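Structure record follows, encoded as structure tokens.
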Amino acid sequence: MVLNKMRKPEKKRRVRKVADRLRLQKKSVDLKKIKKHRITTQDLPSAYNMDTIVIMPVNVEKNFIYWEVTGKLLNGKSSGNGPLKLMVKVYETGTDKEVYSFAANEKVGKHYMNCPVPVTSLFAEIGTVRGKKFTSLMKSDPVSRTTVSARTYDHEVWMRRIKESGEAFRVSDIEVTRIPRYNPFVQKHFHELQDVFEPPYSSSTLLRQRS
Amino acid sequence: MSFMKQNVEGLWLPLLHAHLPFVKHPEYEYFLEEQWLFEAISESYIPLLMNMKKLLDDSIDFRLTISLSPPLLEMLSDEHLMDKYISYLDRLINLSAKEIKRLKGDVAFRSLAGFYHIRYAEIKAFYLEFLNRDVVSAFKHFNKLGKIEIITSCATHGLLPLLSVNPLSVEAQIRIAVDDHYKLFGQSTKGIWLPECAYYEGLDRLLAKYGIRFFFLDSHGLMHGSPSPRYGVYAPVYTESGIAAFGRDMQSSRQVWSAEEGYPGDWYYRDFYRDAGFDLDYDYIKPYISPDGSRVFTGIKYHRITGKGDHKEPYDPVKAMDRAKMHARHFCTERKKQLQALGVLMDRPPVVVSPYDAELFGHWWFEGPDFLYYVFREMNEQKSIHACTPSEYLKSCPQNQVISPCPTSWGDKGYYDPWLNKENDWMYRHIHHMAKKMENLAGKYVNETDDINVRCLKQLSRELLLAQSSDWAFLITTETAKEYSIKRLKEHIGNFNMLHEALESGKVDEVQLEMIEKKNSIFGELDFRVYSNLETS
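Listed in order, the protein sequences are those of chains G and L.
For the first sequence, counting from 1, position 109 maps to 381 in the numbering used here; every step adds exactly one.
For the second sequence, counting from 1, position 45 maps to 74 in the numbering used here; every step adds exactly one.
See the structure below:
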């Protein structure tokens, strides 16, 4: 068995290219100097001075929200009577129905939202509250939620790849059928899934073993 | 010939996902986390390749799907790391030779020392002479023969649902991986292993854009899809974009993964944790452990699992091999029963999809590569179950149901908890901000020609990509290499912010840039314009 040779030539070419460039600029760098560049552990910025609100999915019940509100955005909102408070509201996408809210005590903050509502998409909005009046400052992009239940269905759609290459697909009506809502085959395996809870998997298995 | 027309009771689709985070420290002679790669090469990738060669030599047909992640491929092609790998092998050969002398008079342990000495010498010979220091091309070779199907994963194994706040970041993760695969293997990848099997709604459209034909989901990703799949996880489905999704079979997973009921826990198999690096006299073992004096795994392990207690018996490779054979037979019998039961419910041969981490075979489960060898041998003899690849299946069964899969992962609890929790949530604010900045820079400098600026922009892209690796979040959660993971994240975020400021102020320090380029050198030919809307639209 003869294996292909290493890609050494390509690699060498690339290294040479970098070296040529450096020569041109008359700034040769001793590779040993790289030893000075050990891992930096500088403190991370606590804020980026950029108005932000992001909502992310964690699991079927939980979402994570983080935000940053700059002084610039709040300018002009602080006049008037009473203290200014920040509030985050979460809505169902499409209906704009409020499903969750909480007081945001900091201009830069984060929050876990435990809210097992059967909603498929959410977005968050941060705003100021004075008295009972909520004034929106900014909204997040919507986020899709995960769901847990096996869904029922009225019909199946099947697709057939009609070409080995290219992107030609045809949505067929060959097997569009009406079948009972309760599919024993699927239900059997659905229950099996509920019964089994697996140990944590990850692609970092090799690393995990050291724990 | 179509599986439909053959007398096949069912199909088995084994998949090994090979991935490690990009770890390269040219600033140190020895770096603990670099050993992850060296251990994986010696204990998993080379034993797997050796067994594939053995199957070929024995005229045994086999099919295996292997996803090789881009960071792993980059490391396997890195000359600096491969030079260090040779030193790693030499240390082990040296230690095992020293052990043979030390154990004179102790029959059981001395023969084990000899076993390791021969084993590491064989691995070195295979690596240098047969592979010509090129592990990647060996996989490519078996791919060309049609025995394995190599697919890609994402650029730096970013958890796509949590990166989707910046859609261009997701696109870059896919696009760079697809390009890297083409560069290394000379052909487009047909499939992708989504990092951590994590899917979100709409991702299939992006996969379709880059020519991906199939991906994999955990069981509940398919089972909770809409509408419910007619055949459960035993046939793939198409998403609305026409991309096939294969679902993981739980039963075959449990048999291999489970610590309690899985094969790797057999008492005759080698114990992972008892290692010469921890067991032997400190002064004696010192030259073979970390130079800072910390005891580490050496790979020389003398004991079998034995039982649940602390008492350990000597490891017997012959008995362990017998157990691997026996487990392979058991695995095939169980698959046959499973496929027969499923077959009566289906109008096509059912397919059992069994994805595992490649590093489980050999590294964690020492006898794993031999188990796989015997499984293929057994299937070849039985003939009723065929191992297949995803492309073979889809060619044979091109008509499949259309469903919308459910966003899921194969992580603990089935969703994204291991990668987003109170221990690691701080990182996302920075990663998302870096991505936003990178998009702005790519747009602003899309026509940049100044060499230093272009290099700086490339490095900014690399720092972003490396920060996005799902491994850091996972390792923080599991408290394994937690300190290193936090340092790496801080390093990439810090480098990014520093380079960003330098670029925008027109004061890029070339010496500093070169040092970072040499260290975080992933994707040499990376084009920063992948983050430009103009480029990707």
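The beta-carbon is built from N, C-alpha and C at its ideal position, and this holds for glycine as well.
Please read these numbers as outputs of a predicted model, since none were measured by experiment.
Query - Start-to-end residues for the alpha helix (DSSP H) that takes in D233 of chain L - result: L232 to K238
Query raised in the report: Quick one, which residues of the region 327-359 of chain G are near chain L if we go by CB-CB under 7 Å, in chain order?
Result: Within the region 327-359 of chain G, the residues whose Cβ lies closer than 7 Å to some Cβ of chain L are M328, P329, V330, N331, V332, F336 and Y338, listed in chain order.
**Report entry** Test: G271 of chain L CB closer than 8 Å to a CB of chain G
**Finding:** yes
Requested in this report: Check whether the Cβ of L555 of chain L lies closer than 8 Å to any Cβ atom in chain G.
Outcome: Answer no: the Cβ-Cβ gap between L555 of chain L and chain G never drops below 8 Å.
Query - CA-to-CA distance, L102 of chain L to L66 of chain L, given in whole angstroms - result: The alpha-carbon atoms of L66 of chain L and L102 of chain L are separated by roughly 11 Å.
Query - Same chain, Cβ closer than 7 Å to F360 of chain L, five either side skipped, listed in chain order - result: The answer, listed in chain order, is Q284 and V404.
Query raised in the report: If you draw a straight line from the alpha carbon of N562 of chain L to that of A150 of chain L, how long is it in whole angstroms?
Result: Rounded to the nearest angstrom, the two C-alpha atoms are 52 Å apart.
Query raised in the report: With 8 Å set as the bound, which would you pick, yes or no: does the beta-carbon of M431 of chain G sit closer than that to a beta-carbon of chain L?
Result: yes
Query raised in the report: What does K382 of chain G reach in chain L if we use C-beta pairs closer than 7 Å?
Result: D454
Query raised in the report: Across which residues does DSSP place S96 of chain L in a beta bridge pair?
Result: L:H46 and L:I180
Report task. Apply the 10 Å Cβ neighbour rule to G366 of chain G and answer buried if 16 or more other Cβ atoms are within range, or exposed otherwise. Result -> By the neighbour-count criterion, in which 16 or more other beta carbons inside 10 Å mark a residue as buried, G366 of chain G falls on the exposed side.
Query - Beta-carbon gap between K219 of chain L and I180 of chain L smaller than 8 Å - result: Cβ distance < 8 Å, so K219 of chain L and I180 of chain L count as in contact.
Query raised in the report: Quick check: the region 493-500 of chain L against the region 509-521 of chain L, are there 3 or more CB pairs under 8 Å?
Result: yes
Query raised in the report: Taking C-alpha atoms, which residue in L:R558, L:Y402 and L:L191 lies nearest to K466 of chain L?
Result: Of the listed residues, the one whose Cα sits closest to K466 of chain L is L:R558.
**Report entry** Rounded separation between A422 of chain G and V266 of chain L - CA only
**Finding:** A caution first: A422 of chain G carries a pLDDT of 45, below 50, which makes its placement in the model unreliable, though a value can still be read off. Approximately 16 Å, taken between the alpha carbons.
Report task. Could you check the C-alpha separation between K153 of chain L and R162 of chain L for me, to the nearest Å? Result -> 9 Å
**Report entry** Every unbroken beta strand (DSSP E) inside the region 314-361 of chain G [3 residues or more]
**Finding:** 324-329 and 334-340
Query raised in the report: If we cut at 8 Å on Cβ distances, does E428 of chain G have a partner in chain L?
Result: yes
Query raised in the report: Which residues in the same chain as G338 of chain L place their Cβ atom closer than 7 Å to its Cβ, once the five residues preceding and following it in sequence are excluded?
Result: none
Query raised in the report: Of all the CB atoms in chain B, is at least one closer than 8 Å to the CB of S416 of chain G?
Result: Annotation note: the requested chain B is absent from the structure, which comprises protein chains G and L.
Query raised in the report: Anyone know if the C-beta pair for I329 of chain L and A305 of chain L falls short of 8 Å?
Result: yes
Report task. Have a look at E554 of chain L and Y313 of chain L and give me their C-alpha separation to the nearest angstrom. Result -> C-alpha of E554 of chain L to C-alpha of Y313 of chain L: approximately 45 Å in a straight line.
Requested in this report: Take W439 of chain L as the anchor and find which of L:K113, L:C417, L:S217 and L:S282 has the nearest alpha-carbon.
Outcome: L:S282
**Report entry** Secondary structure of T392 of chain G, DSSP reduced to three states
**Finding:** coil
Query - Segments assigned beta strand (DSSP E), at least 3 residues, entirely inside the region 72-144 of chain L - result: 93-97
Requested in this report: Counting only runs of 3+ residues fully inside the region 198-259 of chain L, write out the beta strand (DSSP E) ranges in chain order.
Outcome: When DSSP assignments are scanned along the region 198-259 of chain L, the uninterrupted stretches of beta strand (DSSP E) that are 3 or more residues long and fall wholly within it turn out to be 243-246.
Requested in this report: With V431 of chain L as the anchor, note down where its beta strand (DSSP E) starts and where it stops.
Outcome: Where V431 of chain L is concerned, there is no enclosing beta strand (DSSP E), given that its DSSP letter is neither H nor E.
Query raised in the report: With a CB to CB cut of under 7 Å and the five nearest residues on each side skipped, what residues in its chain are close to Q280 of chain L?
Result: Q367
Query - Residues near Y298 of chain L by beta carbon distance below 6 Å, same chain, minus five either side - result: I334, A349 and E396
Query - Opening and closing residue of the alpha helix (DSSP H) in which V262 of chain L lies - result: V262 of chain L -> no alpha helix (DSSP H), and no H or E assigned at all.
Query raised in the report: Once you ignore the five residues that flank E447 of chain G on each side, which residues in its own chain have a CB closer than 7 Å to its CB?
Result: Any reading at E447 of chain G is ruled out, since the residue's pLDDT is 40, under 50, leaving its predicted position unreliable.
**Report entry** Buried/exposed call for I505 of chain L, threshold 16 Cβ in 10 Å
**Finding:** The residue is buried, with at least 16 neighbouring Cβ atoms inside 10 Å.
Requested in this report: Work out the CA separation of M81 of chain L and A264 of chain L for me, nearest whole Å.
Outcome: 27 Å
Query raised in the report: Y117 of chain L: which of L:E492, L:Y317 and L:D351 sits nearest, CA to CA?
Result: L:Y317
Report task. Report the three-state DSSP secondary structure of V540 of chain L (helix, strand or coil). Result -> helix
Query raised in the report: Do you know whose CA, among L:S140, L:K133 and L:D86, lies nearest V347 of chain L's CA?
Result: L:S140
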